[in-house]
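S.K.: Here our numbering = 1-based position in the sequence shown + 34.
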Amino acid sequence: MSGEAVRLTIDGREVSVPPGTTILGACRTAGIDTPTLCYLETLTPVNVCRVCVVEVEGSRVLVPACSRRVEEGMRVLTDSPRVRTSRKMVLEFLASSVDVSLSREFADYARRYGADPARYGPPAPPAGTGEREHSAAGHHHPPHADRAQTVAQPPTIDNELYVRDYSKCILCYKCVEACGVDAQNTFAIAVAGRGFEAHIATEYAVPLPDSACVYCGNCIGVCPTGALMFKTEFDRRRAGTWDESRQVSAQTICPYCGVGCALEVRAQDGEIVKVTSPLESSVTHGHLCIKGRFGWQFVNRRNREGS
Ligand code: SF4
Ligand code: SF4
Ligand code: FES
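1) Based on Cα-Cα distance, which residue from THR43, VAL82, TRP276 lies nearest to ALA64?
2) With burial defined as no fewer than 16 other Cβ atoms inside 10 Å of the residue's Cβ, what is the status of PHE332: buried or exposed?
3) Whose CB is closer than 6 Å to a heavy atom of ligand 3? List the residues in chain order.
4) Please state whether DSSP places PRO151 in a helix, a strand or coil.
5) Thinking C-alpha only, which one of PRO289, CYS323, LEU111, GLY255 is nearest ARG47?
6) Return the chain-ordered list of same chain residues with a C-beta closer than 6 Å to the C-beta of GLN302, the five sequence neighbours on each side being excluded.
7) Identify the continuous alpha helix (DSSP H) that holds GLU267 and give its terminal residues.
8) Please confirm whether any heavy atom of ligand 1 lies closer than 7 Å to the CB of TYR238.
9) With a threshold of 7 Å on Cβ separation, who are the neighbours of ALA39 within its own chain once the five nearest residues in sequence on each side are excluded?
10) Does the beta-carbon of GLY345 have 16 or more other beta-carbons within 10 angstroms, so that it is buried, or is it exposed?
11) LEU262: beta carbon under 7 Å from a heavy atom of ligand 2?
12) So which residues put a beta carbon under 6 Å from any heavy atom of ligand 1, going in chain order?
13) For ligand 4, any of its heavy atoms closer than 7 Å to the Cβ of THR43?
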C-alpha cells in the first residue's frame, strides 16, 4: 500500500500506519490486543461477530475494528466502558446460545470482559450426547431448521475424516470463506437460511460425501470453536482420552508433492491425531489439501499392525 502514513490516536496514543490499514491493524501496530472471532488475517473480513468493536470519536455507533479503515486524525477508544459493555454482551449472547467450551480464545475474552452468559438463561449444553450419522442416502439436515434446532442438534458424523458439530457453531463464516474464494474455491458449504434460521450447510443440506467437499480440511483449520473437528480428535474426546498434555508436535514438510507445504503434525500415545499448517507459512497460509491434512492414516494403521 503506497501513500503517506495515516496518523490517528488510539486510547490517547499516537499511531502512524500505512493508508488502507484497518483499525485492528493499527491497534496491533500499537500493541493493543483487540478481540476477534470472525476475523483471520488470511480471510476476507466478513464483519459479523462484532466482538472487535471500538469507539470512534464522532461516530454514533461502535465500529468494527477488523473492517473499518483508518482515517487521518481518527480518535479511537478500544477500552471505554461502552466498548467493554458491548464486547461483554456479544460474548454473553454467543455463549448463551452455542457451546463455546472448546474455544480458548473465547474463554480468554470472557474472562477479560467479565462475560456471564448465565444472565441469559442456562448456558448452552456442552457437546451433544448423541450423534447424527449419515449414509450416502441417509437423512439430511432439515434445510430450514430454526436456529434453536440447529444449535441443539447432535454432531454430524458422515465421513471418516472430520465431524461437524453445529451446536458449537458461532456462525463466524470462516469455514465458508476458507472453502470459497479465500482458499479452496470449492464452495461446498454456505450459510443457509436467514436471521435465527441461519446455519452452515452443504448445498441442499446433503451429507458431506454427496457434496462438493474435497476434504481439504481448510474449514477445520479456521474454525475457532471446535464445531469442525478431526474425527481422531472427536473420537478421543468422546472416549475421554484426548489429552493435550500428552501430545507432542513436530514441524515438517509435506512429502506428497513438490509444493512443499509446511505441516505441523500432532501426536498422542504414538498416534498422529491432527495435522495443521501454520497460518504464517508463506506457502500455505494455513491451508492444505486432503493429502497433507489427512494422508497420514496409513502411519497409524501401520503402528497398530505393528509392522
Ligand atoms: S473440507 Fe475443504 S472442501 Fe470440504 S467443506 Fe471444508 S473447506 Fe470445503
Ligand atoms: S463451523 Fe466453525 S468456522 Fe464455520 S461458521 Fe461455525 S464456528 Fe465459524
Ligand atoms: S472480528 Fe470484527 S466483526 Fe468479527
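Quick reminder that beta carbons are idealized off the backbone N, C-alpha and C, glycines included.
Keep in mind the model is a prediction, meaning the values are calculated, not measured.
M.R.: The structure says:
1) Comparing Cα positions, the closest option is THR43.
2) PHE332 is exposed by the Cβ-count criterion.
3) Taking a cut-off of 6 Å from the heavy atoms of ligand 3, the residues with a C-beta inside it are THR70, LEU71, CYS72, TYR73, ASN81, VAL82, CYS83, ARG84, VAL85, CYS86, PRO98, CYS100.
4) DSSP places PRO151 within a helical segment (H, G or I) once states are collapsed to three.
5) Closest option to ARG47, judged by alpha-carbon separation, among PRO289, CYS323, LEU111, GLY255: LEU111.
6) Only residues of its own chain outside the window of five on either side were considered, and among them ARG280, GLN281 have a CB closer than 6 Å to the CB of GLN302, listed in chain order.
7) Under the DSSP assignment, GLU267 falls in the alpha helix (DSSP H) whose first and last residues are 265-273.
8) For TYR238, the shortest C-beta to heavy atom distance toward ligand 1 is 7 Å or greater.
9) Answer for ALA39: SER50, VAL51, PRO52, listed in chain order.
10) Outside the shown range of the chain (35 to 341) lies residue 345, about which nothing can therefore be said.
11) Yes, the Cβ of LEU262 comes within 7 Å of a heavy atom of ligand 2.
12) Cβ-based neighbours of ligand 1 within the cut-off: ALA212, CYS213, GLN218, THR220, ALA222, ILE223, CYS247, VAL248, TYR249, CYS250, GLY251, ASN252, CYS253.
13) With respect to ligand 4, the structure shown offers nothing to examine, as its ligands consist of ligand 1, ligand 2 and ligand 3.
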